[in-house]
Structure formats: structure tokens, C-alpha cells
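Chains A and B, in that order, are what the protein sequence lines are. Position 21 of the first sequence, counted from 1, bears residue number 21 in our numbering, the numbering being contiguous throughout. Count along the second sequence from 1, add 1000, and you get the number used in our numbering. What follows is a single structure, written as C-alpha cells, with notes after it.
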Amino acid sequence: MVKLNRKIYVREAIEQAIKDYKGLAGFRLSEKGKYYLISIKPKENGTQDVIEREFCNYILSLEKGM
Amino acid sequence: MQLPKRKISPKDQDVVFWLKTKNYPLEAIFSAAYVFIDRAYIYLDGDPEKEIMVRLRSKEKADKKKLEALEGEFLNELLNFLLRVEIARNNQKIREYIVASALVSSLPENLSEQPSVENDQSAGDWRDDPLGIATSWEDAQPAPKKREKKAKKK
């Protein structure tokens, strides 16, 4: 589960990242308090950590262009 | 100067530090983070109005020294972007002026130079003819008799 601060991360960027990572994992996006909660289920075993971390980096890179 | 508080964890290969947004605007933190995307996993948290937590997790194996260096490089990059943000803020009016004058000069001449007839008081009445260009050719030439006399004299 990835927790992203709503004041820092933009929902639009998260949704775009989910679209772009669709081929690698299944995603579920929800909100709780001041965080976006994203549950990630990778299609390949053993890739959970890498996908979560790269996913966060990718969102940051998308936000830079917004 | 007070250094930002930090926590280094070689076991997790990460360094966590906190930055006051009064000193480091979120815009500059984002820009610095973007530069480190290929070297570290970056996670941001906190309150953008008070303090931002930055977690850098090295993509390569890193001991305490390397993690300290990573943090130091991040802070240097942050300073670089702080300066850029500051310069951009200071030069904003000049940039706006340059863009505006460039746009005006790129307009076709007819649009940029043609005076508005309705508002132009100096244009005067259209029936005035101060240069005498409204005179017909016949009126402007001497009478035919005078011309004949001149020819005979020659």
C-alpha cells in the first residue's frame, strides 16, 4: 500500500501514472484523511517493492510537467 | 545556520530529512527531486505550509557515507533551484515587458501603426488640403495662350 499526501501529490498525476502502469500491476485508488491510498498488485511475483517505488518516482516526474 | 534534521538508515539504504518550506519552497523541492529520480527513490510527505519530509532511498548499494553524500548533493541541487526560483521571481516584470514588446513588434505594420481616425485630433478635417494635392491638373498648369506665346519667343 502506498500512501501519498494529498497536499503534495496531485490526483491527476496519480491517475495518469495508474493508466501508464496498467500493464505491470493492478491498482486501486482511494482517499483516507490527508492521504491517497493506492493498493498495488503486481502481475509478476517479487516486483512489489520496485513497482511501488518506481511508481512514486513516476508520479513526481508527471507532477513536474503539470 | 541550522542544518535540516535528518535520519540515516544504511540498513534500509535511505536518508530522511525535513525541510522548512519557509526556507525551501515546495516548487524548488520538486525540481531538486526530479534531478534525483534516476539515482534514488524519492518520497515526500509533511505539510507544504510548514515542513516537508524528504526520503531518498538509494537505487544502488550505499553505506552511511554515500547516503550522507546523497543528501548533501540533494541540498546543493535544492540551493541551485532556490536561486532559479528567486531570479525568476525578480525578473518576472522584465520578462513580461520583453514578451509584450516582442508581441507588439510582430504585429503587421497596418495594425500597429495605423492611427485611429476617430480618436486622432491631429488628422483635421478631410476637406482641408494643406499640400495642395486636391488641385486638378488643368488648374495647376498655366493657361494655353501663355504657353503658345512662350513657344513663339523661342
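Every residue gets a Cβ at the ideal spot worked out from N, C-alpha and C, and that includes glycine.
Under the Cβ distance rule, LEU60(A) counts among the residues neighbouring chain B, one pair being separated by less than 8 Å. When DSSP states are grouped into helix, strand and coil, TYR1034(B) belongs to the helix group. Ranking LEU1044(B), GLU1051(B), VAL1099(B), LYS1093(B) by CA distance to the CA of VAL10(A) puts LEU1044(B) first. Residues are counted here when their Cβ sits less than 8 Å from a Cβ of chain A; for the region 1009–1042 of chain B these are LEU1026, PHE1030, SER1031, ALA1033, TYR1034, ILE1037, TYR1041, ILE1042, given in chain order.
Contact note: ARG1084(B) does not reach chain A at a C-beta cutoff of 9 Å; the least C-beta distance is about 14 Å. Apart from sequence neighbours up to five positions away, the residues of its chain that approach SER39(A) with a beta-carbon distance below 6 Å are MET1, ARG28, ordered along the chain.
The C-beta of GLY33(A) has fewer than 16 other C-beta atoms within 10 Å across all chains shown, which makes the residue exposed. Exposure of ASP49(A) is indicated by the presence of fewer than 16 other C-beta atoms within 10 angstroms of its C-beta. Under the Cβ distance rule, LEU1075(B) does not count among the residues neighbouring chain A, no pair being separated by less than 8 Å.
With contacts defined as CB atoms closer than 8 Å, PHE1017(B) and VAL1054(B) qualify as a contacting pair. In the displayed model, TYR58(A) falls within a helix according to three-state DSSP. In this structure, the beta-carbon distance from GLU1060(B) to VAL1015(B) does not fall below 8 Å. Less than 8 Å divides the Cβ of LYS64(A) from the Cβ of TYR1034(B).
When Cβ-Cβ separations below 8 Å define contact, ARG6(A) makes no contact with chain B. Between the beta-carbon of ALA25(A) and that of ILE51(A) there is about 5 Å, and that keeps the pair under the 8 Å contact cut. Beta-bridge annotation (DSSP): LEU37(A) is paired with LYS3(A), SER30(A). Using a Cβ distance threshold of 8 Å, ALA17(A) and MET66(A) do not count as a contacting pair. Contact check for LEU37(A) and LYS7(A): beta-carbon distance about 15 Å, past the 8 Å limit, so the pair fails to qualify. Within chain A, ASN5, ILE8, TYR9, LEU60 have C-beta atoms less than 8 Å from the C-beta of LEU1044(B), given in sequence order.
Within the DSSP bridge table, the entry for PRO42(A) names ALA25(A) as partners. With respect to the 8 Å criterion, CYS56(A) and TYR1097(B) are not classified as neighbours on the basis of their beta carbons.
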